[in-house]
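Below is one structure, written out as structure tokens; comments come after it.
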């Protein structure tokens, strides 16, 4: 299958900070692709390069075969962008926001009318078409931004953290729209929500410090941690004492506590027996093997340190 | 070509149309206050200036001041607001239009608003004060307004492009724009300056604007030298603004 997006050796520096470091990637047409990473990993820089807002210092980036540096206008004809922050025009009504987008894409009046009405219907805002975005909830504004990105029928849709700050119902609504678009375009999204990437995406790349760490489907990424021997232990009593014991075992690779519940990973399956022998069974309420989640993979790869 | 610029200009005009009456009422208030305060309040103290009553002398300057101030304000605040607050400039930049479309659209929006607001103040002054001019002089006067509004719209666009803090735009208005306007002959003729300074003052584009527009409206005289200074400044300002905006967007 042909590549919708192709990055080769992309590097972008801000002064002494290398935001993206020799980053290479190919995304096939018709894929829902997620780029994950902690704050400052370089995700938004990659999107800004692909959407022609930023010029890389080195490397080439192609969108549907067009070079983002030399053929920016052609690239922008083919893309739709949902930025991190809603950048709607608050002095234009919902309908006028979409009409403006159509005009900037050089669409004719009749086609604009048809397409705008169709999109307002799709995102459930046709009853509010003459209202200004300031009067909308966060979810409604987000849906309008998604609709605006779709006016020109893009071949590649970029969604930069599309559901940040939305309530669960609005998040699900955005997911539904994104899923419904899957057959007609390539979707490139960045998100902090692992469940979002898990539910929506065919392929996931996790990056950090400007470099790719891992690439695969959600199932493939979780499989990487299948050998990690992750367990959950819950105690009826003396949780503090057991916590100190668990932290002292050399074969406990990681340990997280939430009340009387401990999540830990062992260096190997063979350490389960010595662990149970040491702590006994008197105070144990629950012990179980835990399937790795995408979040476990993310934390394992990018660390626990909070990023600014 | 420039369809994007036209779309942006059209958007700005739609927004202006929605609040046209309140905008024009607000913009007329300040020059009219100056006119009443200086023209009538000081009538007993100021005799004719350059052969015409002071109320007539200051009217062209006040209209010009309204037009160019409105062009600066609209361009500066609109560019800043769309770039820093609403971030619509970024939304425009991921469509097929170019940065030239954006900056040209914004310059012409500022220019149009300046011209419209200047016309509104002119209408109010003519209607309320009985000041009359020969209609044949209007074309020359408007030529000055067009060039002046273009210069100030470009200056505003540069401020809105380069300045990130709104208070800095306010400081530029207080420290640069207002002195440039007030010291260039809105309320007094440039001939009031000492002889040694006069030719230097006349080379300042705002002096060329206020002095040239007054001569055009009151006497029907078109000064080629002053027009050349204005036209050259407008052209240079336009080229510089487009280049500065382009450079800023590439950062």
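Residue numbers (the numbering used here), protein chains in the order written: chain A, 612 to 919; chain B, 13 to 263.
Where a beta carbon is used, it is the ideal one built from N, C-alpha and C, also for glycine.
Using a Cβ-Cβ distance under 8 Å, would residue 19/B count as near chain A?
-> yes
Helix, strand or coil for residue 651/A, going by three-state DSSP, please let me know.
-> coil
So what's residue 822/A in DSSP terms, helix, strand or just coil?
-> strand
Residues bridged to residue 771/A (per DSSP) = 801/A
Kindly indicate which residue of 824/A, 841/A, 720/A and 663/A has the alpha-carbon position closest to the one of residue 683/A.
-> 663/A
Within 10 angstroms of its Cβ, does residue 779/A collect 16 or more other Cβ (buried), or is it exposed?
-> exposed
Chain B beta carbons: is any one of them nearer than 8 Å to that of residue 658/A?
-> no
When Cβ atoms are compared, which residues of the segment 99 to 118 of chain B fall closer than 9 Å to chain A?
-> 99, 100, 101, 102, 103, 104, 105, 106, 107, 108, 109, 110 and 113
Using a C-beta cutoff of 8 Å, does residue 38/B count as contacting chain A?
-> no
What are the boundary residues of the beta strand (DSSP E) that residue 867/A is part of?
-> 863 to 869
Contiguous alpha helix (DSSP H) assignments of at least 4 residues, all confined to the segment 165 to 220 of chain B = 178 to 184, 190 to 194 and 207 to 215
First and last residue of the uninterrupted beta strand (DSSP E) at residue 620/A = 614 to 625
Residue 684/A CB to nearest chain B CB: under 8 Å?
-> yes
Could you tell me whether the Cβ of residue 718/A comes closer than 8 Å to any Cβ of chain B?
-> no
Simplified DSSP assignment, three categories, for residue 670/A | strand
Nearest to residue 43/B (by Cα), restricted to the options 142/B, 219/B, 130/B and 229/B = 130/B
Separation of residue 199/B from residue 687/A, as counted between CA atoms = 51 Å
Measure the C-alpha to C-alpha separation of residue 233/B and residue 34/B and round it to an integer number of angstroms.
-> 35 Å
Distance, residue 808/A Cα to residue 868/A Cα | 26 Å
Output yes if chain B places a C-beta closer than 8 Å to the C-beta of residue 700/A; else output no.
-> yes
Is the CB of residue 712/A under 8 Å away from at least one CB in chain B?
-> yes
Write down the C-beta distance between residue 671/A and residue 665/A rounded to the nearest angstrom, noting that I regard them as a contact closer than 8 Å.
-> In fact, because the Cβ distance is near 14 Å, the residues do not count as touching under 8 Å.
Using a Cβ-Cβ cut-off of 8 Å, state whether residue 667/A counts as contacting chain B.
-> no
Which residue or residues does DSSP assign as beta-bridge partners of residue 817/A?
-> 647/A and 825/A
Tell whether a beta-carbon distance below 8 Å holds between residue 735/A and residue 764/A.
-> no
Rounded straight-line distance, which links the Cα of residue 647/A to that of residue 700/A = 29 Å
Using the beta-carbon of each residue, which ones in chain A are nearer than 8 Å to residue 71/B?
-> The contacting residues do not exist; residue 71/B stays about 33 Å from chain A at best.
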